[in-house]
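A.B. asks: Shown below is the structure under consideration.
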Amino acid sequence: MTVSEVTREIERDLIFWDESGGGVTFSGGEPLAQPRFLDSLLDVCREKRINTVVETCGLAKEDALLGLSEKVGLFLYDLKTLDPLRHKKYTGVANDSILANLEALAQRKKPVVVRYPIIPEINDDAENVRQMIALLSRLQLWRIHLLPYHQTGTEKYKRLGLGFRLEEVKAPPAKLVTKIAGEFERAGFKVKVGG
Amino acid sequence: MNERVARLRQTSLEAKPVLSLERAALITEFYRDCRIASVPRLRALALRHLLDNKKIYIGDDELIVGERGPAPKATPTYPELCCHSMADLEVLNSRQKISYHVDEEARTIQREQIIPFWQGRSIRDLIFQEMSQEWKDAYEAGIYTEFMEQRAPGHTALGDVIYSKGLLELKSEVETSLSRLDFLNDPEAFLKQEELRAMGVAADAVIRFAERHAERAWEMATHEPNLDRQAELRKIADVCRHVPAHAPRDFWEALQAYWFIHLGVISELNTWDSFCPGRLDQHLAPFYEKGLADGTLTRESAKELLECFWVKFNNQPAPPKVGVTAAESGTYTDFANINNGGLKADGSDGVSEVTYLILDVIDEMRLLQPSSNLQLSKKSPDRFLKRGIEIIRQGWGQPSIFNADLVVEELLRQGKSIEDARGGGTSGCVETGAFGKEAYILTGYFNLTKVLEITLNNGLDPRTGKRLGLRTGDPGNFRSFDELFGAYRKQLRHFIEIKVRGNNIIERIYARQMPAPFLSLLIDDCIAKGKDYNDGGPRYNTNYIMAVGPGSCTDSLAAIRCHVFDRKDVAMAELLDALAANFESHERTIPAAGAGSRSPESLRLLLLNKTPKYGNDDEYADAILTDLFNAFYAEVNGRKNTKGGSYRVNYLSTTCHVYFGSATGATPDGRKAYEPLSDGISPVQGADRRGPTAVLKSAARMDHARTGGTLLNQKFTPQLLEGEDGIDKLAHLVRSYFKLDGHHIQFNVVTAETLRAAQQNPEKYRDLIVRVAGYSDYFCDLTTALQNEIIARTEHQGF
Chain D
77 MTVSEVTREI ERDLIFWDES GGGVTFSGGE PLAQPRFLDS LLDVCREKRI NTVVETCGLA
137 KEDALLGLSE KVGLFLYDLK TLDPLRHKKY TGVANDSILA NLEALAQRKK PVVVRYPIIP
197 EINDDAENVR QMIALLSRLQ LWRIHLLPYH QTGTEKYKRL GLGFRLEEVK APPAKLVTKI
257 AGEFERAGFK VKVGG
Chain U
2 MNERVARLRQ TSLEAKPVLS LERAALITEF YRDCRIASVP RLRALALRHL LDNKKIYIGD
62 DELIVGERGP APKATPTYPE LCCHSMADLE VLNSRQKISY HVDEEARTIQ REQIIPFWQG
122 RSIRDLIFQE MSQEWKDAYE AGIYTEFMEQ RAPGHTALGD VIYSKGLLEL KSEVETSLSR
182 LDFLNDPEAF LKQEELRAMG VAADAVIRFA ERHAERAWEM ATHEPNLDRQ AELRKIADVC
242 RHVPAHAPRD FWEALQAYWF IHLGVISELN TWDSFCPGRL DQHLAPFYEK GLADGTLTRE
302 SAKELLECFW VKFNNQPAPP KVGVTAAESG TYTDFANINN GGLKADGSDG VSEVTYLILD
362 VIDEMRLLQP SSNLQLSKKS PDRFLKRGIE IIRQGWGQPS IFNADLVVEE LLRQGKSIED
422 ARGGGTSGCV ETGAFGKEAY ILTGYFNLTK VLEITLNNGL DPRTGKRLGL RTGDPGNFRS
482 FDELFGAYRK QLRHFIEIKV RGNNIIERIY ARQMPAPFLS LLIDDCIAKG KDYNDGGPRY
542 NTNYIMAVGP GSCTDSLAAI RCHVFDRKDV AMAELLDALA ANFESHERTI PAAGAGSRSP
602 ESLRLLLLNK TPKYGNDDEY ADAILTDLFN AFYAEVNGRK NTKGGSYRVN YLSTTCHVYF
662 GSATGATPDG RKAYEPLSDG ISPVQGADRR GPTAVLKSAA RMDHARTGGT LLNQKFTPQL
722 LEGEDGIDKL AHLVRSYFKL DGHHIQFNVV TAETLRAAQQ NPEKYRDLIV RVAGYSDYFC
782 DLTTALQNEI IARTEHQGF
């Protein structure tokens, strides 16, 4: 697709955003995997006064991210675990650049909502929660979305003929989600469960 | 709701609709014994005879009194309009849906008194006698329906007149008008005299009817052991002595005054859409404020009275319909549609505390009748819209939402004054009117898609085998889409002219034979003109023809344009062959050149899935919708009726898209023969695949300001509307659609799963109300075809 094709699609919903204050969320995959394309679209949106959100896992070159950040209305920034080994084990990459990028955005006071997917047995432990609260308090990123893991993607993996390695993992119990939400709230965070 | 209201509501819910021959017998008795008089006088005297002799019903707990029949849901017949045969009674009694119990006594009366007197003499008999063969052929083929073949013109809402004037005052206006008649120079003076005298008789008849309630309540009070109830009965007697003879003095009297007026109108004739108080919140606001100020009313007591009033509407099922009329409007609902909010005559916001009170009543009562709607202006506060959405998301189909600013624009375009436009609103399903000042008559539904079928068959109707249309050419020889569309336009004009010729006769039949002097008292300027509601008495006189299935017709035209003329991957011959065979393979199917050995079913899938469809914000399909809209508009809008008014278009289908579908063969959009057509202006069931915003964008490509109403259904699952967030989203969606000049939107909030379960176990889901078209209905009372159709309407999973 070209920038002008995407722009045409975006413009279809302008009238609704004028009313709701909504706008475009660039999501994925990973939008930062195509930084130049994203950059052009962000320019278009800025020109047309359309609100923008970029949903990212944070794995990107710092200068590319910071270059774009001037044009982005809000980042939805995934943070899975602060434990580098576990991060490497489950995502295949280390988390050092992700954390550095988050820190860079925070220092420049960019609007960021951190999103924490709660996955049983993988990143739902008390220690991870404690570390996240400590980091995000230091960075003064006070808005967090808790995203309880769900299995609605299982069927899609099947239809695509792909193996799904988390098939055995169940959704976290509601009580646990409430407990984690409470801990963030007590530490002064604005918490939303679900995205 | 309090215990009294809960009991009244339960009684109303549990009462089964039964056929009452009380009215028929009294009317027959009157006509059998009457002396000669002019037709309007006879009509008024017949009403008086009925109201003087019918049983007075005052139920336990009631505060607002008066029934059309002898008891709640005892539904009268109108043999002077439609004389049911014994077979009709059997159908009414035994049909699976929308039945009316007919007992032995009723059958006997019908057989021995009603049929011998009225058979061959009813308006229905006269209409069918006067219609031409080509009219009858097209009618029977399912090209259009005829609203007035067993029900009288009505389709109107009351303005504010009765809240400042009693019937006695209206009667003195009648006297003034009589005194001004000029028998020397005005050739119509005698006709006017008879009409005006009839109005006077009708006013007295309804005043007397109210007095009979006063007498009955007083008498009941003397035997009433419970002192509280005794006091209530005495109060009821006081109220009924005062209204509607005099203007109401308080909130209670205002409601009771309207109710007697309502009963007068629906007893006089079986007017379509019964009758409607229109801007109820605005009419009641002064009485509410006064009552609160002088301490005679509290919010709670006002709510109780309103709820007692609500039950009254629910006690009056629609008069029994048979034949095509039953198919086009298969419901107990009689379409009284309460307007809330909107604008005042001076253009300011009409939302008041009474509006919120009424919304609470709607929320608590959850009754099929009356219908209710929000008239949402850009001036209306969000609180009003959001309170409405709180009720909507509970999923029983009310209230629907109208664009009040656009309604005003529609009325202005038709030539109404700005005050009359702002005092107007919508009644019935979605019909725009100047309340209290206009006769806006729906004359019948029109099957856009059937006309395309006939065009594709060069004037022949494949179902009946009759040549109904013009010979506009063998479609195989059309070289362009424009040629096809040109042929379609010729057929459209042909059938609309047949319909209008018929209307012009039917309209005169009602004007001459079936005037409505009581209704005429209430609608400006019938008294001043000395003319009847059915004869051009109102200030404005509009006729509508209602287009059905723009979605189906657009998609069918788009399929032909796309595949036959643009992509050229389907030959016209192959398409016509497949349509004739209902997309089923049979040996005689000859594969068209280049089509290889494609089966009719794979052609159908191509048409269904690889074709631009209306409802997806797709310019290709939507441009065809616009052309279709303009073609229908050009043929209808501005034609003159016989009452000094004009024809206009609107777009709604009630349940007629199912009936019209059952008369229409397979269509080029991939629809199989006899399946329902698209409803209202909604996309074809399941054709919209780009979410609700795309549907709204497509629907708004139609120029709603040039209609007198359009109807758009959307269905959501409850999950989508959870929380404040859900309310906000729906509010934004509605406001956006109205910014695009959409006329109306309504929501079904249920899961398809729930609906399927209800289909399997109706007994468990008796209370499930769904939005059908311009109204809500009990899901279990719908035919299986309509149930399936509602299930098939796209269930939106996300915005």
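Just so you know, the sequences run in chain order D and U.
The opening residue of the first sequence carries number 77 in our numbering; numbering runs sequentially from there.
The opening residue of the second sequence carries number 2 in our numbering; numbering runs sequentially from there.
Built from N, CA and C at the ideal position, the CB exists for glycine as well.
Write down the C-beta distance between D:V129 and D:T83 rounded to the nearest angstrom, noting that I regard them as a contact closer than 8 Å.
C.D. replies: Actually they do not touch by this definition, with Cβ atoms about 17 Å apart.
A.B. asks: Give me, in chain order, the residues of the same chain whose beta-carbon lies closer than 6 Å to that of U:T795; leave out the 5 immediate sequence neighbours on both sides.
C.D. replies: The pLDDT assigned to U:T795 is 47, lower than 50, so where the model puts this residue is not dependable; a value taken from the coordinates is nonetheless given after this. Excluding sequence neighbours, U:T795 sits near G687, D689.
A.B. asks: May I have the straight-line CA-CA distance separating U:Q788 from U:W119, to the nearest angstrom?
C.D. replies: Roughly 37 Å between the two C-alpha positions.
A.B. asks: Would the beta-carbon of U:T694 fall within 7 Å of that of D:D89?
C.D. replies: It is a contact, given that the beta carbons lie within the stated cut-off.
A.B. asks: Could you give the C-beta distance for U:S553 and U:T450, rounded to a whole number, given that I count them as a contact under 8 Å?
C.D. replies: That pair is a contact at about 5 Å.
A.B. asks: Please name the residue in U:E790, U:M573, U:A517, U:V771 whose C-alpha comes closest to that of U:V202.
C.D. replies: The candidate whose alpha carbon is nearest that of U:V202 is U:A517.
A.B. asks: Answer with buried or exposed for U:M703, where buried requires no fewer than 16 other C-beta atoms within 10 angstroms of its C-beta.
C.D. replies: U:M703 comes out buried.
A.B. asks: In chain order, what residues of the stretch 80-94 of chain D put their CB closer than 8 Å to some CB of chain U?
C.D. replies: Going along the stretch 80-94 of chain D in chain order, one finds R88, D89, I91, F92, D94 with a Cβ nearer than 8 Å to chain U.
A.B. asks: Would you call the stretch 196-216 of chain U in contact with the stretch 49-63 of chain U, where contact means no fewer than 3 C-beta pairs closer than 8 Å?
C.D. replies: A contact exists between the stretch 196-216 of chain U and the stretch 49-63 of chain U.
A.B. asks: So that I know if they touch, is there some Cβ in chain U lying closer than 7 Å to that of D:S116?
C.D. replies: Answer no: the Cβ-Cβ gap between D:S116 and chain U never drops below 7 Å.
A.B. asks: Does the beta carbon of D:P173 come closer than 7 Å to any beta carbon on chain U?
C.D. replies: Inspection of the sequence shows that residue 173 of chain D is occupied by Ser rather than by Pro. With 7 Å as the cut-off, D:S173 does not count as an interface residue toward chain U.
A.B. asks: Relative to chain D, which residues along the stretch 710-743 of chain U have a C-beta separation below 8 Å, given in chain order?
C.D. replies: Against chain D - using a Cβ distance shorter than 8 Å - the residues of the stretch 710-743 of chain U are D729, K730, H733, L734, R736, S737, K740, L741.
A.B. asks: Which residues bound the beta strand (DSSP E) around U:T543?
C.D. replies: 541-549 is the span of the beta strand (DSSP E), which, as asked, contains U:T543.
A.B. asks: Using C-beta distances below 7 Å, list every residue in its chain close to D:K246, excluding the 5 sequence neighbours before and after it, in chain order.
C.D. replies: Taken in chain order, the residues that qualify are P196.
A.B. asks: How long is the line joining the alpha carbons of U:P321 and U:L653, rounded to whole angstroms?
C.D. replies: Cα-Cα distance, rounded: 21 Å.
A.B. asks: Is the CB of U:T694 under 7 Å away from at least one CB in chain D?
C.D. replies: Yes, U:T694 lies at the interface with chain D (some Cβ there is under 7 Å from its Cβ).
A.B. asks: Using the rule of at least 16 other Cβ atoms within 10 Å of the residue's Cβ for burial, across every protein chain shown, is U:K641 buried or exposed?
C.D. replies: So U:K641 ends up on the exposed side.
A.B. asks: Based on the DSSP secondary-structure assignment, which residues constitute the bridge partners of U:V750?
C.D. replies: According to DSSP, U:V750 bridges with U:F717.
A.B. asks: Could you check whether D:E131 and D:A180 sit closer than 7 Å to each other, using their CB atoms as the reference points?
C.D. replies: Not a contact, by the Cβ cut-off of 7 Å.
A.B. asks: Taking beta-carbon pairs under 8 Å, can you tell me which members of the stretch 392-408 of chain U lie near chain D?
C.D. replies: Cβ contacts with chain D: none found.
A.B. asks: What does U:S426 pair with, by DSSP beta-bridge criteria?
C.D. replies: A quick correction: the sequence has Gly, not Ser, at residue 426 of chain U. According to DSSP, U:G426 bridges with U:G434.
A.B. asks: Using 7 Å as the limit for Cβ to Cβ distance, is D:S96 near chain U?
C.D. replies: Taking Cβ atoms only, chain U reaches closer than 7 Å to D:S96, which makes this a yes.
A.B. asks: Is it true that the CB of U:F780 sits closer than 7 Å to the CB of U:A1?
C.D. replies: Outside the shown range of chain U (2 to 800) lies residue 1 of chain U, about which nothing can therefore be said.
A.B. asks: Shortest alpha-carbon distance to U:K193 belongs to which of U:G331, U:P278, U:S178?
C.D. replies: It is U:S178.
A.B. asks: Are the C-beta of U:D618 and some C-beta of chain D separated by less than 7 Å?
C.D. replies: Answer yes: the Cβ-Cβ gap between U:D618 and chain D drops below 7 Å somewhere.
A.B. asks: Can you tell me whether DSSP reads U:D618 as helix, strand or coil?
C.D. replies: DSSP places U:D618 in coil when its eight states are reduced to three.
A.B. asks: Would you kindly work out how many angstroms separate the C-alpha atoms of U:K471 and U:Q492, rounded to a whole number?
C.D. replies: Residue 471 of chain U is actually Leu in this sequence, not Lys. Whole-angstrom Cα-Cα distance: 6 Å.
A.B. asks: Which stretch, first to last residue, makes up the alpha helix (DSSP H) that contains U:V571?
C.D. replies: No alpha helix (DSSP H) holds U:V571; DSSP gives it neither H nor E.
A.B. asks: Hey, how far is the Cα of U:I99 from the Cα of U:T332?
C.D. replies: Rounded to the nearest angstrom, the two C-alpha atoms are 6 Å apart.
A.B. asks: Whose Cβ in chain D lies nearer than 7 Å to the Cβ of U:K698?
C.D. replies: Simply R88.
A.B. asks: To which residues does DSSP link U:H263 through a beta bridge?
C.D. replies: Paired residues: none, contrary to the question.
A.B. asks: Which complete alpha helix (DSSP H) runs does the stretch 106-163 of chain U hold, if anything under 4 residues is left out?
C.D. replies: You should have 116-119, 124-131, 134-142.
A.B. asks: Where do the N-terminal and C-terminal ends of the beta strand (DSSP E) with D:E131 fall, by residue?
C.D. replies: 127-132 is the extent of the beta strand (DSSP E) around D:E131.
A.B. asks: Entirely within the stretch 221-257 of chain D and at least 4 residues each: give me those alpha helix (DSSP H) ranges in chain order.
C.D. replies: Runs of the alpha helix (DSSP H) inside the stretch 221-257 of chain D: 230-235.
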